[in-house]
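Peer 1:
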Amino acid sequence: MSEPSRSQAAPPHRPRRFLFVVPPLVGHVNPTLGVAAELTARGHQVAWAGMPEVVGRLTGQGATVYRCAGPVLGEGGAGRPPDVRGPAALRFLWERFLVPLAEAMAPGVGKAIEEFRPDVVIADQQTVAGGLVAERLGVCWATSATTSAEFTGALDGLPKIDAWLDEQMNEVRGRIGDPESAADPRFSPDLVLAFTTEELAGRPARAGDRIRYVGPSIAERPATTDFPWEWLDPARPAVLVTLGTANTDAGARFLTECREAVRARAGRLQTVIIDPEGVLTPDFSETPDTPDSSNTQGIRETSTTPNDKDVLVCRYVPQLPLLERVSAVVCHAGHNTVCETLWHGVPLVVAPIRDDQPVVAAQVVDAGAGVRVRFGRARAAGLGEALDTVLYEPGYRIAAERVRASFRAAGGAVAAAGHLEALAAKPGGHATPNPEGD
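The opening residue of the sequence shown carries number 8 in this note's numbering; numbering runs sequentially from there.
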């Protein structure tokens, strides 16, 4: 995997401490891993505030994770009905998950800041407890923006939703932040790290003076599952189908249609379908539907016979290494999945479901790097046509490679670490100085 050159790194600074505040969402934690690794390589100390059950699994052993309480999206009151879409889904996300998450995480974030004494807090854009608590305690903070939807004018056509969100921010600030402040906790007043580029996201409509487009932060991840690499046939294009980790409740019909579409192209291509919840039913009567407890590869083949050379259904895959081997990706237009795919110059078929996904899907189409289909109405025939389009019309790959080039040039984790170092060195930038470094 190609990485930005270390020669881009800024001159060494004295050791600092950086605290990442992240939600229990894989796509929001992953971009922080490369930045944290780069900061550590430069001699700094790094820690996370979040849920160790999620964060620790992604960071690997040895990482410092301060426990924060909070709901998990898809569970209890944060479990969204599959048919909740559009503005209603955005309201649901903030009202039932992100605002309760902020309030639940606030005590843990405060404790982490008191114990770790960071020079800079890096708060996920949708984990507003990080910015609000840091601001209240007088600690310098930056935003980790794992989606560009909120600063590219996505809500310009929805003034009522935009006003409602501002009201939510004001109310949660009054409960856990500094009531006298007027800063939007989604956008640091000093630095917003955007893990994309203008080549994909377009020009910002807000916070443009603070945004630094660093491109995706791609880093090696702890191995959590194996993959039968020998199954891939180098003579045929491979396709990856994924709906991420938070959409399987809505995805059974869509994944079934995708499987039918690629079955119709048996012999021409191979397809890996990620099905973490086992929502696909077997399409061969002789296929076992029970996972083999002796399977050390961590793979469940819910619709694949042992001799099936066309479709492989897995609960999990090592996504980054697999993206190096595929020719197209069908996905929900999640920002993390889209950026990781385009990092590899691979075109997409995007079927947005909710939240920021329609915005990201529009960015993909506007960049010429993919085709959009209707998630709720997609059928096998249309999915197959869209897949053929991105696979065999070269303009889509050319556009994907153009975005890839912009990503690689942006600097990724190296650039992000440099911006954070500069912020940490800013006079008066923090109010809890390092007892060991000053």
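Note that the Cβ used here is the ideal one computed from N, Cα and C, for glycine as well.
This one's a predicted model, so the numbers in the text were calculated from it and none came from an experiment.
#1: Hey, out of F27, R64, A376 and L65, whose CA is closest to V127's CA?
#2: Just how far apart, CA to CA, sit A447 and D395?
#3: Where does V28 fall in DSSP's three states?
#4: Considering only their Cβ atoms, is the gap separating P22 from G50 smaller than 8 Å?
#5: Out of R143, L100 and A56, point me to the one whose CA is closest to F123's CA.
#6: Can you tell me whether D191 is buried or exposed, with buried defined as 16 or more other CB within 10 angstroms of its CB?
#7: Can you check the segment 194-250 for any beta strand (DSSP E) of at least 3 residues that lies completely inside it and give the ranges in chain order?
#8: According to DSSP, simplified to helix, strand and coil, what is V357?
#9: Take G341 as the anchor and find which of Q364, Q326, G138 and S334 has the nearest alpha-carbon.
#10: At what residues does the alpha helix (DSSP H) containing G63 begin and finish?
#11: Using CA coordinates, which residue listed in A208, L239 and G258 is at the minimum distance from S334?
#12: Helix or strand or just coil, what does DSSP make of V337?
#13: State whether the segment 214-227 contacts the segment 166-179, with contact taken as three or more CB pairs (one from each stretch) at a distance under 8 Å.
#14: May I ask which residues mark the beginning and end of the alpha helix (DSSP H) holding T47?
#15: What ranges does the beta strand (DSSP E) occupy inside the segment 338-417, keeping only unbroken runs of at least 3 residues that lie completely in it?
#16: Tell me, please, which residues DSSP counts as bridged to I281.
#17: Please state the DSSP three-state secondary structure of L287.
#18: Should W350 and I225 be called a contact, given that it needs their Cβ atoms to be closer than 8 Å?
#19: Based on Cα-Cα distance, which residue from E45, Q52, K433 and A431 lies nearest to A424?
#20: Taking the beta carbon of G383 as the centre, do at least 16 other beta carbons fall within 10 Å, making it buried, or is it exposed?
#21: Ignoring anything shorter than 3 residues, give me the beta strand (DSSP E) runs that lie fully in the segment 119-201, in order along the chain.
#22: Tell me whether the segment 374-381 and the segment 321-332 touch, counting them as touching only if at least three CB pairs, one residue from each stretch, are closer than 8 Å.
#23: Can you tell me where the beta strand (DSSP E) holding R74 begins and where it ends?
#24: State buried or exposed for W101, treating a residue as buried only when at least 16 other CB atoms are found within 10 Å of its CB.
#25: Taking all protein chains shown into account, do 16 or more other C-beta atoms lie within 10 angstroms of the C-beta of T297, making it buried, or fewer, making it exposed?
#26: Measure the alpha-carbon distance for R180 versus P186 and round it to whole angstroms.
#27: Could you tell me the alpha carbon to alpha carbon distance between V367 and T150, rounded to whole angstroms?
#28: Pull up the distance between the alpha-carbon of G63 and that of V29, whole angstroms please.
#29: Within its chain, find whatever has a CB closer than 6 Å to the CB of V135; leave out the 5 residues flanking it on each side and keep chain order.
#30: With DSSP as the reference, label A423 as helix, strand or coil.
#31: Judging by CA-CA distance, which residue of P94, G251, V371 and P283 is the nearest neighbour of L355?
Peer 2: With the given structure in hand:
#1: The count along the sequence shown starts at 1 and reaches residue 127 at position 120. Looking from the CA of V127, the closest CA among F27, R64, A376 and L65 belongs to F27.
#2: Nothing about residue 447 can be read from this structure; the chain reaches only from 8 to 445.
#3: As a position in the sequence shown, residue 28 is number 21, starting the count at 1. Correct three-state label for V28: strand.
#4: If you number the sequence shown from 1, residue 50 lands on position 43. If you number the sequence shown from 1, residue 22 lands on position 15. Result yes, Cβ atoms of G50 and P22 sit closer than 8 Å.
#5: If you number the sequence shown from 1, residue 123 lands on position 116. Closest by alpha carbon: A56.
#6: Within the sequence shown, residue 191 is the residue found at index 184, counting from 1. Taking a 10 Å sphere around the C-beta of D191, we find 16 or more other C-beta atoms and assign the residue as buried.
#7: Fully enclosed beta strand (DSSP E) runs of 3 or longer: 199-201, 218-220 and 245-248.
#8: Within the sequence shown, the letter at position 350 stands for residue 357. Three-state DSSP puts V357 in a strand.
#9: What you label residue 341 is simply residue 334 of the sequence shown in a count that begins at 1. Measuring from the Cα of G341, the nearest candidate turns out to be Q364.
#10: As a working note, residue 63 is residue 56 in the sequence shown. Per DSSP, G63 is one residue of the alpha helix (DSSP H) stretching across P59 to T66.
#11: Sequence index remark: in the sequence shown, residue 334 carries index 327 (1-based). Checking every option, the nearest Cα to that of S334 belongs to L239.
#12: As a first step, residue 337 must be located in the sequence shown, where it is residue number 330. DSSP places V337 in the strand class (E or B) of the three-state scheme.
#13: No: the two stretches stay apart, fewer than three of their Cβ pairs being nearer than 8 Å.
#14: As a working note, residue 47 is residue 40 in the sequence shown. V33 to A48 is the extent of the alpha helix (DSSP H) around T47.
#15: Counting whole runs of 3 or more residues, the segment 338-417 contains the beta strand (DSSP E) stretches 355-357 and 377-379.
#16: Here residue 281 refers to the residue found at position 274 of the sequence shown. Under DSSP, the beta-bridge partners assigned to I281 are C321.
#17: Here residue 287 refers to the residue found at position 280 of the sequence shown. L287 falls in the coil class under three-state DSSP.
#18: Here residue 350 refers to the residue found at position 343 when the sequence shown is read from its first residue. Here residue 225 refers to the residue found at position 218 when the sequence shown is read from its first residue. In this structure, W350 places its C-beta atom within 8 Å of the C-beta atom of I225.
#19: Against the sequence shown, residue 424 aligns to sequence position 417. Nearest of E45, Q52, K433 and A431 to A424, Cα basis: E45.
#20: Stepping through the sequence shown from its first residue, residue 383 is reached at position 376. Here G383 is exposed, its C-beta having fewer than 16 other C-beta atoms within 10 Å.
#21: Contiguous beta strand (DSSP E) elements confined to the segment 119-201 occur at 127-131, 148-152 and 199-201, taking only those with 3 or more residues.
#22: Too few Cβ pairs lie closer than 8 Å, so no.
#23: Here the question's residue 74 lines up with position 67 in the sequence shown. Annotation: the continuous beta strand (DSSP E) that includes R74 extends over V72 to R74.
#24: Looking up residue 101 in the sequence shown gives position 94. So W101 ends up on the buried side.
#25: On the sequence shown, residue 297 is found 290 positions in, with the first residue counted as 1. With a pLDDT of only 35 at T297, under the threshold of 50, the placement of this residue in the model should not be trusted; the figure read from the coordinates follows. By the neighbour-count criterion, in which 16 or more other beta carbons inside 10 Å mark a residue as buried, T297 falls on the exposed side.
#26: As a position in the sequence shown, residue 180 is number 173, starting the count at 1. As a position in the sequence shown, residue 186 is number 179, starting the count at 1. Between R180 and P186, the C-alpha separation is close to 6 Å.
#27: To locate residue 367, count along the sequence shown from 1; it is residue 360. To locate residue 150, count along the sequence shown from 1; it is residue 143. Going from the Cα of V367 to the Cα of T150 covers about 19 Å.
#28: Residue mapping note: residue 63 aligns to position 56 of the sequence shown, counting from 1. Residue mapping note: residue 29 aligns to position 22 of the sequence shown, counting from 1. Their Cα atoms are separated by approximately 12 Å.
#29: Translated into the one-based positions of the sequence shown, residue 135 becomes position 128. Excluding sequence neighbours, V135 sits near A109 and P192.
#30: As a first step, residue 423 must be located in the sequence shown, where it is residue number 416. Here A423 sits in helix by DSSP.
#31: Taking the sequence shown and counting its residues from 1, the one referred to as residue 355 is at position 348. Considering only alpha carbons, the answer is V371.
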